[in-house]
Amino acid sequence: MNYTYVNSQIKVIEEGILKKDDFLKLANSPKETFLKTLVDLGYGNYADSLEEIIHNGLASVKAYFDEVSPKKEHTDLFFLVNDLVNIKYYYKVKVFNLFDRNIFLENGVFTKDQLKSAILENDYSTLSKEYEKLFKKIEDNVKDITDPRELSGIIDATLYEFVLDKIRFSFNAPLSTYFKTSIDFKNILSYVRIKNLNWDYLKNKSMFIEGGNISLSKIEELFTLDEKEVVRSLNEFYEEKLSLILKTYFDTNDLNLLEIQLNNLLLNIMSEFKNDAFGIGIILYYYLKKLAEASNIRYVFANSDIDEKHLLQY
Numbered sequence: 011m012n013y014t015y016v017n018s019q020i021k022v023i024e025e026g027i028l029k030k031d032d033f034l035k036l037a038n039s040p041k042e043t044f045l046k047t048l049v050d051l052g053y054g055n056y057a058d059s060l061e062e063i064i065h066n067g068l069a070s071v072k073a074y075f076d077e078v079s080p081k082k083e084h085t086d087l088f089f090l091v092n093d094l095v096n097i098k099y100y101y102k103v104k105v106f107n108l109f110d111r112n113i114f115l116e117n118g119v120f121t122k123d124q125l126k127s128a129i130l131e132n133d134y135s136t137l138s139k140e141y142e143k144l145f146k147k148i149e150d151n152v153k154d155i156t157d158p159r160e161l162s163g164i165i166d167a168t169l170y171e172f173v174l175d176k177i178r179f180s181f182n183a184p185l186s187t188y189f190k191t192s193i194d195f196k197n198i199l200s201y202v203r204i205k206n207l208n209w210d211y212l213k214n215k216s217m218f219i220e221g222g223n224i225s226l227s228k229i230e231e232l233f234t235l236d237e238k239e240v241v242r243s244l245n246e247f248y249e250e251k252l253s254l255i256l257k258t259y260f261d262t263n264d265l266n267l268l269e270i271q272l273n274n275l276l277l278n279i280m281s282e283f284k285n286d287a288f289g290i291g292i293i294l295y296y297y298l299k300k301l302a303e304a305s306n307i308r309y310v311f312a313n314s315d316i317d318e319k320h321l322l323q324y
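With the numbering used here applied, the sequence shown covers 11 to 324.
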């Protein structure tokens, strides 16, 4: 199938994504009828739990993209980040001799058997040559690592490096924008958390990922600045919107709100590709909207009184 056809189909189905009024209706729904109300609003099919409904909904979107994507290698790169939790879990099982509790999150690129074989047994026979190279590089990079946090950081950095290398010469603006922006916002969150914990930057440098629009040297510089200087220092990025978000955080110390506002900015940036009729942009933006929708559903379900500023905007 070509992008023009697939994207025209997505334009039709995205009309079914829940809107602000739907979340307000859910917020007024008693807990005992919440799931029924959710399904009646057009979200998924009824199941025994909210998480099952959400999981099935996202899984069906992923399966649809696997089936119709004109360039599955590109959508696979996008979904590869969904494998990070699983990859880090199995490497921790391996490196730290942990008991395998059979944990596995779906909607990534790899099956559980593929990951267990590649990571626990160094058997890459079911992987493509490119993914074999990825796991061999991770294996080499985590050799002799004894700190779980450092292990996670190295795996993150290696996977993002792999993705950026793949899209570098593809001239794929939506994918490049998504990953570079995601890296920047992950690094900003790591900066805030490290500052809050009074940790040393150099001892936790592995938590930061190269390849974003904001260089790691700029991130390191932030640790030497006061809050007002940090805000000014980041004015040159993202049309000062990132600076405004950090200023709000410094004023409120609300880490949850910081994450929400960063997610909103990412959604806003990716919305520039929502009319990308001849590329992957509409596919990426639609899935990000589905993730935001799921996040909002969870928030409404967990809170009797909702604050609209804690709802993701799309």
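Cβ atoms here follow ideal geometry from the backbone N, Cα and C, with glycine treated the same way.
Can you check whether the CB of residue 185 is closer than 8 angstroms to the CB of residue 84? Result yes, Cβ atoms of residue 84 and residue 185 sit closer than 8 angstroms.
Give the straight-line distance between the Cα atoms of residue 70 and residue 230, rounded to the nearest whole angstrom. So the alpha carbons of these two residues sit roughly 41 angstroms apart.
Counting along the chain, where does the alpha helix (DSSP H) carrying residue 230 start and finish? Its alpha helix (DSSP H) spans residues 226 to 232.
Host alpha helix (DSSP H) of residue 187 (start-end): 183 to 207 is the span of the alpha helix (DSSP H), which, as asked, contains residue 187.
Quick one: measure Cβ to Cβ for residue 279 and residue 156, integer angstroms, because I've assumed they're closer than 8 angstroms. That pair is no contact at about 38 angstroms.
Residue 178, DSSP secondary structure in three states: If DSSP states are grouped into helix, strand and coil, residue 178 belongs with coil.
Which value, in whole angstroms, describes the spacing of the CA atoms of residue 38 and residue 49? Cα to Cα, the separation comes out at about 15 angstroms.
Is it right to say residue 317 is buried, meaning 16 or more other beta carbons lie within 10 angstroms of its own, or is it exposed? Residue 317 is exposed by the Cβ-count criterion.
Where does residue 207 land, buried or exposed, given buried means 16+ other C-beta within 10 angstroms? Classification of residue 207: exposed, given that the 10 Å Cβ count is below 16.
Contact the region 14 to 25 vs the region 287 to 296: 3+ CB pairs below 8 angstroms: Cβ pair count under 8 angstroms is three or more, so yes.
Does DSSP put residue 300 in a helix, a strand or coil? It is helical.
Pairwise C-alpha distance: residue 246 and residue 110: The straight-line gap separating the alpha-carbon atoms of residue 110 and residue 246 is approximately 46 angstroms.
Test item: CB-CB of residue 259 and residue 202 under 8 angstroms: Judged by their CB atoms, residue 259 and residue 202 are nearer to each other than the 8 angstroms cut-off.
Are three or more beta carbon pairs between the region 158 to 176 and the region 217 to 233 nearer than 8 angstroms? Yes, the region 158 to 176 is in contact with the region 217 to 233.
Whole angstroms is fine: what's the gap from residue 129's alpha carbon to residue 145's? Going from the Cα of residue 129 to the Cα of residue 145 covers about 7 angstroms.
Does the Cβ-Cβ distance between residue 240 and residue 256 come in under 8 angstroms? Residue 240 is a Cβ neighbour of residue 256, given a cutoff of 8 angstroms.
Member of 104, 198, 176 and 27 whose CA lies at the smallest distance from the CA of residue 161: It is 104 whose Cα lies nearest to the Cα of residue 161.
Roughly how far, in whole angstroms, is the beta-carbon of residue 307 from the beta-carbon of residue 148, given that I think they are within contact range, below 8 angstroms? Residue 307 to residue 148, Cβ: 33 angstroms. No contact.
Does the Cβ-Cβ distance between residue 290 and residue 182 come in under 8 angstroms? The beta carbons of residue 290 and residue 182 sit closer together than 8 angstroms.
Test item: CB-CB of residue 113 and residue 99 under 8 angstroms: Contact flag set, yes.
When you compare the CB positions of residue 118 and residue 96, do they come within less than 8 angstroms of one another, or not? Yes; because the gap between Cβ atoms is below 8 angstroms, this pair is in contact.
Sequence-distant residues of the same chain with beta carbon closer than 8 angstroms to residue 261, five excluded per side: There are no such residues.
Does the separation of the CB atoms of residue 60 and residue 35 fall below 8 angstroms? It is not a contact, given that the beta carbons lie outside the stated cut-off.
May I ask you to report which of helix, strand or coil DSSP gives residue 109? Residue state, collapsed to three classes: coil.
Check each candidate in 305, 313, 315 and 320 and name the one with the smallest Cα separation from residue 28. Selected option, being the one with the closest Cα: 305.
Enumerate in chain order the residues of its own chain whose CB-to-CB distance from residue 177 is below 6 angstroms, with the five nearest sequence positions on each side excluded. Here residue 177 has 185 and 186 as same chain residues with Cβ atoms under 6 angstroms from its own Cβ, once five neighbours each way along the sequence are excluded.
Within the present structure, is the beta-carbon of residue 272 separated from the nearest heavy atom of the ligand GDP by less than 7 angstroms? Of ligands this structure carries none, so the ligand GDP is not represented either.
Same chain, Cβ closer than 7 angstroms to residue 253, neighbours up to 5 away in sequence not counted: Correct list, in chain order: 241, 244 and 245.
With H, G and I counted as helix, E and B as strand and the rest as coil, what does DSSP make of residue 323? Reduced to three states, the DSSP call for residue 323 is coil.
Residue 284 to residue 46, Cα distance in whole Å? Inter-residue distance for residue 284 and residue 46 is about 31 angstroms (C-alpha atoms, whole angstroms).
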